[in-house]
Structure formats: structure tokens, C-alpha cells
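Q: My numbering numbers the first residue of the sequence shown as 4 and each following residue consecutively. Beta carbons are placed, not taken as given, at the ideal position from N, Cα and C, and that holds for glycine.
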Amino acid sequence: MLPAVHLLIGISLGIFLLYLTRDCRALIYCAVGSLLPDIIDKPIGHLVLTSLDNGRIFFHSLTICALVVLLGLVIFAKWRHPGLLFIAAGILSHQLADAMWAEPRSWFWPFLGWFSPQYHPLYFQNMFSLEFSSPSELLVISMAVLLFICLFQAWRNGNTRLFRGAAAVAGIFLTFAGMAVIAMLVANIFAGFLIYSEFQSIAICAISFLLGGVAFLLVSYHPPVWCRLNDLL
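1) For Val217, which residues in the same chain have their Cβ closer than 8 Å to its Cβ, ignoring the five residues on either side in sequence?
2) Look at the Cβ atom of Ala92, then the Cβ atom of Cys33, and state whether they are nearer than 8 Å.
3) What is the rounded straight-line gap between the Cα of Pro124 and the Cα of His49?
4) Would you tell me roughly how many angstroms separate the C-alpha atoms of Ala157 and Ile12, rounded to the nearest one?
5) Would you report the Cα separation of Met4 and Cys27, rounded to the nearest angstrom?
6) Nearest to Gly17 by alpha carbon, out of Phe61, Ser54, Ile94?
7) In angstroms, rounded to a whole number, what distance separates the CA positions of Leu214 and Ala7?
8) I think Pro113 touches Ser54, with their Cβ atoms under 8 Å apart; what is that distance to the nearest whole Å?
9) Which same chain residues end up closer than 7 Å to Leu115 when comparing Cβ atoms and leaving out the 5 residues on each side of it in sequence?
10) Within 10 angstroms of its Cβ, does Leu73 collect 16 or more other Cβ (buried), or is it exposed?
11) Output the distance between the C-alpha atoms of Val51 and Ile60, rounded to the nearest integer angstrom.
12) By the 10 Å Cβ neighbour count, where 16 or more other Cβ atoms means buried, how is His225 classified, buried or exposed?
13) When you compare only the Cα positions, how much space is there between Cys68 and Tyr126?
14) Which of the three DSSP states is assigned to Asp26 in this structure?
15) Kindly indicate which three-state DSSP category Cys230 falls into: helix, strand or coil?
16) I'd like the ranges of any alpha helix (DSSP H) spanning at least 4 consecutive residues and lying wholly in the region 48-113.
17) Between the Cα of Cys229 and the Cα atoms of His9, Leu21, Leu10, which residue gives the shortest distance?
18) Exposed or buried, Leu88, counting other C-beta atoms within 10 Å across all chains shown (16 or more means buried)?
19) Could you spell out the range, first to last residue, of the alpha helix (DSSP H) harbouring Tyr224?
20) Between which two residues does the alpha helix (DSSP H) containing Leu165 stretch?
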């Protein structure tokens, strides 16, 4: 998955955990965790370990995720701060979105040996081009920017109507987008506006749209009025 979809999944997971735990910090930390594996692994795998040229290494493994969970439990027990646990949830969501079970040497590192070498010439240039040439990615990014502006202004000014309206529009759009992609998969018609070509990747993308839709509809129906901006960190 490309960053826009990872971030959508992380935000959706953060929203669900926010409601489950009543802890407003879940949103930001899950979103950060959903991007963290690529932020760390891509530069290391493609720029430092050039002979490996694999961007799915340490932070794409269950081992690192488990270590983050353990450290998060220690921090939570000592300081009652769940931030690292939420980050671990975001990291796991990233690994599942990348279907890491299909790359067992990376996912179960170091138990199955070292990471598999790959070949990705001009990786970052190609990824940048893909990210900003895919209609689906651009749509998600544009919607995210507009939604953030609306929600931030509504939250800061206490405009509940604008807040709920923006969340509802995003939720409905994402839900219908997810349903449309699933319908195309069932009909064996691969969505042309998606950059993904494999059935598994398209299915994961559709599920992420649906999860995002449900999350934002939940926010619209029952806004987290107990959260303030300074409660997010």
C-alpha cells in the first residue's frame, strides 16, 4: 500500500480505539504508527543497505512490533501513557495492509533468516511518481486535506454542525468507494482509478475504504466531544 491508504487505515484504527478506550491520544499515535514502518525501513533498506534494496525489513516484522508492544506496556505501567501501544497498533495495521504474510522472511525476521534482496532502481522517484499519478491516491490525499481543514476549524470553533457534516461526507464517500471497488472485484473488473493491480491489494484497499467510511460515520453520528486539541498528545 502507498502512504495515503496506510494513513487512512491508521486514522480509522485510531478513531475506533479512541471510542473503545476513551483516550483521545489514540488518533494521532495510531496514525503515526501506520506510517512509521515505511518512514524507517525505506531509507534504511534502499539507501543504507543498498545491496539489500528491500524497503520491507525491520519495522515490517512482527518481532519489532512485539518489542514496541512490550516497551509500551512498561511505559504504560510506569507512567500510564498508552502512546507506544497505540503506535504498535498502527505498525501492525501497516504490516497487515502490506500483506506481510506473503513475505514470511521479512514478517517473521529473524526466525526465518535474513531479509530477501530485491531490486528497485530509482525507488523513491518511482514511488513519488506513483503516489501523485494515481487518481485514487490523489483523491484520498485531497479529501484528507479538505477534511482536516474543516474538522480542525469546526473543532477549534466548537462548530459541531460543520464537524459532523464534514465527517459524514467523508464517511459516505469512503463507504461507497469501498463498495464500488468490491463490486468491481466480484465482477472481475479491476478498478482503473486504482494503482493496484493484484486482487489481494485491491481487496485490502477496498476494506480500508470501508473501515474509513464506518469510522467517519461514527464520528459524525457521535462526535468525540470529550476530546480537546491538547488531549491528542
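A: Considering the structure as presented:
1) Ser15, Gly174, Thr178
2) yes
3) 9 Å
4) 23 Å
5) 26 Å
6) Ile94
7) 14 Å
8) That belief does not hold up - the Cβ atoms of Pro113 and Ser54 are roughly 18 Å apart, past 8 Å.
9) Pro107, Arg108
10) exposed
11) 12 Å
12) exposed
13) 25 Å
14) coil
15) coil
16) 65-82, 86-100, 107-110
17) According to the sequence provided, residue 229 is Trp. The question's Cys does not apply to it. Trp229 has its Cα closest to that of Leu21, out of His9, Leu21, Leu10.
18) buried
19) 202-224
20) 163-189
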